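Scroll down for the structure; my scribbles are underneath it.
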Ligand SMILES: Cc1ncc(COP(=O)(O)O)c(C=O)c1O
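Numbering (our numbering), first residue to last: 1 to 456.
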């Protein structure tokens, strides 16, 4: 396999530690962002309440695994567009394909040849379904999967995995969180939850609601690996109860494996949803699955009612489809997934060693599979701590790292990973001192907040 690198990795040391004054412009822009946009951002996970009070950089551009903020500060980053950018920012072959597609027009009055080519290639590449429908956001396709499952089964209830934090901005999911304002009780009553790896719990749920649960939806894997027999057991239970099994592969697709985590674990759902990485950050999501179910959204059947399945103005926007084809070509040319797993494991080992070395191995925990790491922070009593998370963000921002998570991309080389580990090691030294001497002595400003909270 030919290994091409599209980014020369600048190993130049990052600037000296940043101080509060280095965030002046970002702080001024923050106020304007909040005046113009509710929440000051278009994704709550990117909100100011998720970052240290005085160090919430407003970004201007990215390239590879680096981003630059409005004050001109440069960071190695591990958020990667909320996990959507697996190839690195501005991956040139994707940009080239997009530039070419822009000359075709963005949205034409009938389906296009590009639409057909992308659909056929996606089905071949993922092996996750027999038909596919594209949309713009992950929420569009998870909501469509729920609707289709309800139409196919004629049932109203759905069951979601309570250990998986996000499936959709829509009411059927948000109604299960503390953020319930604006969601009718009648809608909330239709969603039930179960715990990951708790097969008896799922069996009990299905028994308690015989013939009523349209679908079970979960991510195949997140921080916990599937217990032996769990996914197979779900498949069996769904078959026994006439319930559809839906895998949300919006994070796992093109990151765990080109075909999603289902391809790694060998259990096939009835429907799957993809998004994020499929177009390296260009807006595209996909609902795919068995023809027998997907066809209900079609024009050919006469035996069942029609389902108004994903009919969107921008679902087949030409340059996003071109981006997806270029992404699939890249995956067929360079070892993206192997890189994510290998460098992710290198990162995990280095971070764990750094935490151990600084004596915070119990408090600073690296979680998830290497290709999609995140972290948990605990206080001296071993309790989850938003204050220590804030301190960690503060000390790593000061060292030129943007770390909402430790999500890796093809642009994160071994040298970048090693430089990251060295800086995290320093930051964890401050963590240790704060454990010993008190958080207040080191933390500037208020702690970050959970996204899911009913009140500000
Ligand atoms: C697992 C999962 N499903 C669905 C979604 C919703 O995707 P989007 O934000 O594109 O609507 C997300 C977004 O973070 C997600 O992580």
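Cβ coordinates follow ideal geometry from the N, Cα and C atoms, glycine included. Predicted model only: the values in this text are computed from it and were never measured.
Residue range of the beta strand (DSSP E) that includes residue i
i: residue 215; result: 213 to 218
i: residue 246; result: 244 to 248
i: residue 192; result: 191 to 194
i: residue 158; result: 157 to 161
Supposed contact pair residue j and residue i - C-beta distance, whole angstroms, cut 8 angstroms
i: residue 135; j: residue 325; result: Contact doesn't hold; Cβ gap of about 17 angstroms is too wide.
i: residue 279; j: residue 327; result: 6 angstroms
i: residue 44; j: residue 334; result: No, residue 44 and residue 334 are not in contact; Cβ-Cβ is about 34 angstroms, not under 8 angstroms.
i: residue 409; j: residue 86; result: 5 angstroms
i: residue 231; j: residue 265; result: 5 angstroms
i: residue 19; j: residue 446; result: That pair is no contact at about 19 angstroms.
i: residue 293; j: residue 78; result: Contact doesn't hold; Cβ gap of about 37 angstroms is too wide.
i: residue 393; j: residue 75; result: About 12 angstroms; that fails the 8 angstroms criterion.
i: residue 309; j: residue 387; result: Incorrect: roughly 46 angstroms between the Cβ atoms, too far for contact.
i: residue 268; j: residue 214; result: Not quite, the Cβ-Cβ distance comes to about 18 angstroms (not below 8 angstroms), so this is no contact.
i: residue 198; j: residue 219; result: The Cβ separation is near 15 angstroms, so there is no contact.
Residue i, enclosing alpha helix (DSSP H) - first and last residue
i: residue 139; result: 138 to 153
i: residue 187; result: 185 to 188
i: residue 202; result: 199 to 208
i: residue 26; result: 24 to 36
i: residue 171; result: 171 to 174
i: residue 240; result: 230 to 241
i: residue 318; result: 318 to 333
Residue i burial status per 10 Å Cβ neighbour count (16 or more: buried)
i: residue 194; result: buried
i: residue 395; result: buried
i: residue 37; result: exposed
i: residue 313; result: exposed
i: residue 147; result: buried
i: residue 456; result: exposed
i: residue 311; result: exposed
i: residue 8; result: Its pLDDT being 42, under 50, residue 8 is placed unreliably in this model, and the value from its coordinates should be taken loosely. Residue 8 should be labelled exposed.
i: residue 21; result: exposed
i: residue 320; result: buried
i: residue 332; result: exposed
i: residue 222; result: buried
i: residue 356; result: exposed
i: residue 50; result: buried
i: residue 358; result: buried
i: residue 204; result: exposed
Residue-chain proximity (residue i, chain D), Cβ-Cβ < 8 angstroms
i: residue 285; result: This model lacks chain D altogether; it includes just one protein chain.
Fill in: Unbroken stretches of the alpha helix (DSSP H), 4 residues or longer, contained in the segment 51 to 133
You should have 80 to 83, 92 to 102 and 113 to 126.
Checklist entry - What residue ranges within the segment 354 to 414 form continuous alpha helix (DSSP H) runs of no fewer than 4 residues, ordered along the chain? => result Qualifying alpha helix (DSSP H) stretches, in chain order: 386 to 398.
- Item | Whole alpha helix (DSSP H) elements within the segment 248 to 294, 4-residue minimum | If only uninterrupted alpha helix (DSSP H) runs of at least 4 residues are considered, those enclosed by the segment 248 to 294 are 261 to 265 and 291 to 294.
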